[in-house]
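Colleague: Numbering (the working numbering), first residue to last: -4 to 128. Glycine included, each C-beta is placed from N, C-alpha and C at the ideal position.
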Amino acid sequence: MKGLTSKMTRPLPLGARLVCADNSGAKELAIIAVKGYHGRIRRLPRAGVGDVVICSVKKGKEKVRHTVVHAVIVRQKKEYMRYDGTRVKFSDNAAVVVNPKTYEPTGTEVRSVIAKEVVERFTVIGKIASMVL
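#1: Buried or exposed, going by whether 16 or more other CB atoms sit within 10 Å of the CB of I36?
#2: Using the Cβ count rule (16 or more neighbours within 10 Å means buried), how would you classify L128?
#3: Should V113 and V48 be called a contact, given that it needs their Cβ atoms to be closer than 9 Å?
#4: May I ask you to report which of helix, strand or coil DSSP gives E23?
#5: Please classify V113: does DSSP put it in a helix, a strand, or coil?
#6: Could you tell me the alpha carbon to alpha carbon distance between S19 and M76, rounded to whole angstroms?
#7: For G45, tell me which candidate among R38, Y98 and I27 has the shortest Cα-Cα distance.
#8: What did DSSP end up calling I120 once you bin it into helix, strand or coil?
#9: Can you name, in chain order, every residue of its own chain whose Cβ lies under 7 Å from the Cβ of K(-3), other than the five neighbours on each side?
#10: Can you tell me where the beta strand (DSSP E) holding H65 begins and where it ends?
#11: Within its chain, find whatever has a CB closer than 7 Å to the CB of K56; leave out the 5 residues flanking it on each side and keep chain order.
#12: Would you mind sorting D87 into buried or exposed? The rule is 16 or more other CB atoms within 10 Å of its CB.
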């Protein structure tokens, strides 16, 4: 994975609920682990835009409900600053379900806006996105 060009705040701890932004069949996800997180003892792992998380599907189609999936966070409510000085925040927390080995999206389209930092790290997600901000 490539590094990010922004100083990313990580506002989403374990148990946070995310909207699924693609058409994979899942509607709502809950974070159960953060890939690559090295933290402090007794501190909950946290994630932000561009991080890979392991999630449990809480709402969605019968086929995918109650399954464990990997996802990439594409939007967060908490604002973060880019190196050009602009601050970015979105209206909700959202993720895209991906393949755990190749990090390619499971769905065929991303319905809404995603952050530019995600496209820097995962270019395949940027190809199916409708809009990059």
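Modeller: In this structure, then:
#1: With fewer than 16 other beta carbons inside 10 angstroms of its own, I36 counts as exposed.
#2: By the 10 Å Cβ count, L128 comes out exposed.
#3: No; because the gap between Cβ atoms is not below 9 Å, this pair is not in contact.
#4: It is a strand residue.
#5: Three-state DSSP puts V113 in a helix.
#6: For S19 and M76, the distance between alpha carbons rounds to 30 Å.
#7: Nearest option by C-alpha distance: Y98.
#8: Reduced to three states, the DSSP call for I120 is helix.
#9: So the qualifying residues of the chain are E115 and R116.
#10: Counting along the chain, H65 sits inside the beta strand (DSSP E) bounded by residues V63 to R70.
#11: Around K56: G20.
#12: Classification for D87: exposed.
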